[in-house]
Structure formats: structure tokens, C-alpha cells
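For the sequence shown, my numbering assigns the number -8 to the initial residue and increments by one for each residue that follows.
Positions of the beta carbon are idealized from the N, C-alpha and C atoms, including for glycine.
Report on one structure; see the data block that follows.
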Amino acid sequence: AKGLHFQYADGTWYRPFGTTIYALVHQEKQLVDTTMESLRNAPFNKVRFCVFPKHYDFNNNEPEYFPFEKAEGKWDIHRPCFAYWEALEERIRQLDAMGIQGDLILFHPYDRWGFAKFSREESLVYLDYLLRRLSAFPNLWWSMANEYDLMRNYTVQDWEEMTRFVAEQDIYHHLLSNHNCFQYWDFSQPEITHCCIQDVNVDEVPELQRKYQKPVVF
């Protein structure tokens, strides 16, 4: 972030024009390959996608791999599924080669597998692994959640603590924000680098810029 806008390290201005492919890494390989090829010819320079699989319209399949292994029918957050993380990294590298920023969604409520019900302690173990594994990628942003306010398992205090944890543990200081359904996140939190907003009221941009003195992405 540079003032109210975004800038690459070499000084070139970055103007985000993005799309969402939430379950990008949770589909069969052929479909993901086709999707990546379509991105190569598309105008987008930013893609929002999820770490955890998403249960929603058009995303009802069972992924081949999950971020963690299971033990006795429960996710074992101390046993990452390496095949999953390697596949995720491959897609991040492909996006980087195309000049596309990956706005990686760390949590979301559209879940039938139990990832949205992690405790705060389990969530911090997960985030610790994710940050150690992915922080060196230059083309990532961290989105704490997609529609954080629909995740009843976490309080505002939980989100604040997890946001601080991400900011403190990421030695490369990637862009960091949180995304709403109804209630905008408090973007004055010092760790937050920009306003990430889901709404139709784009006429609010000047007011939000004045209020937070940070870039605004709708």
C-alpha cells in the first residue's frame, strides 16, 4: 500500500481489477488447468480464492486433498497434508508468472467439513503453518475471511487477535484485510493495510479513504 493506492516494489502503480475463484484449488486437476489457462487470456490482475474448500452452488464436489490429515475422524491440525499444500503452491506460482496477485482467503463460513468450527487455538496453529509455508511468495495478499461476520464461531476479539498474529508472524508484511457480508470490518486496526469491502455503494470510496487513510477495494 502506498498512501491511498497500491504500488509495486519497483515504483510501478498497481490498479487491482479482480475476480473470485473461491474453490480454485479444490477441483479436479483438469478443471483447474482449464481455469488457469482462461486466466492467462483474461484482464484480471487479482484473484480471490480460499485455503479451505467451499460448500456452495457449483462447489459440491469432494476435493481430492484437504489442508490437513484426519485422525480418528477429526482434522489433525498438527499433520498438514503435503499434497494439498504443494498443489496450492503450484497454483500460486502460476498466478505469479501471469502477473496476478492472489488474495488468499484464510477462513470462510461455507463449510461442511468442520474447518469453520476450528477453535481460536486450532486456528492459530493453522495460521502458523500457513505463514511459515507461504509467506515467501511475493504475489499473495491475506484476506482474513470471506464474509467474516457470518462465522459465528469467532468473536470480534478472536478476529483481532488472529489478524495481529498474521501481521506479526509474516516477516514480509503482505497486504492484509478482512472481508464482510453485512458489517464492514474496523479498518482502523493498525495491522490492516487496506479496506476490503463487499457492497454496491462504491460512492462511499472518498468517505472511506478520508476515514481510514488507506486504499479501498470494493
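- Taking C-alpha positions only, Asn52 is separated from Arg84 by approximately 25 angstroms.
- As the crow flies, the alpha-carbon of Ser168 is around 17 angstroms from that of Leu125.
- As for any alpha helix (DSSP H) of minimum length 4 sitting wholly inside the region 75 to 141, the runs are 111 to 125, ordered along the chain.
- Asn144 and Lys108 do touch by the CB rule: their CB atoms are close to 5 angstroms apart, below 8 angstroms.
- Segment contact: the region 189 to 199 against the region 147 to 162, fewer than three CB-CB distances shorter than 8 angstroms; contact not assigned.
- Within a 10 Å sphere around the beta-carbon of Asn32 sit fewer than 16 other beta-carbons, which makes this residue exposed.
- In the structure shown, Gln200 falls within a helical segment according to DSSP collapsed to helix, strand and coil.
- Taking 7 angstroms as the cut-off, the Cβ atoms of Pro206 and Phe(-3) count as close.
- Annotated three-state conformation of Val207 is strand, per DSSP.
- Taking all protein chains shown into account, Lys61 has fewer than 16 neighbouring C-beta atoms within 10 Å of its C-beta and is therefore exposed.
- In the DSSP assignment, Phe178 falls outside any alpha helix (DSSP H) and carries neither an H nor an E.
- For the options Asp87, Pro44, Ser134, the alpha carbon positioned closest to that of Tyr101 is the one of Pro44.
- The secondary-structure analysis by DSSP pairs Cys41 across a beta bridge with Ile96.
- A residue is called buried once 16 or more other Cβ atoms fall within 10 Å of its Cβ, and His170 is buried on that count.
- Within the same chain, Pro44, Pro54 come within 6 angstroms of His17 by CB-CB distance, once the 5 residues on both sides are set aside.
- The DSSP-derived three-state label of His17 is helix.
- In the three-state reduction of the DSSP assignment, Phe(-3) falls in the strand class.
- Contact between Leu97 and Met135 holds, since their C-beta atoms are separated by about 6 angstroms, short of 8 angstroms.
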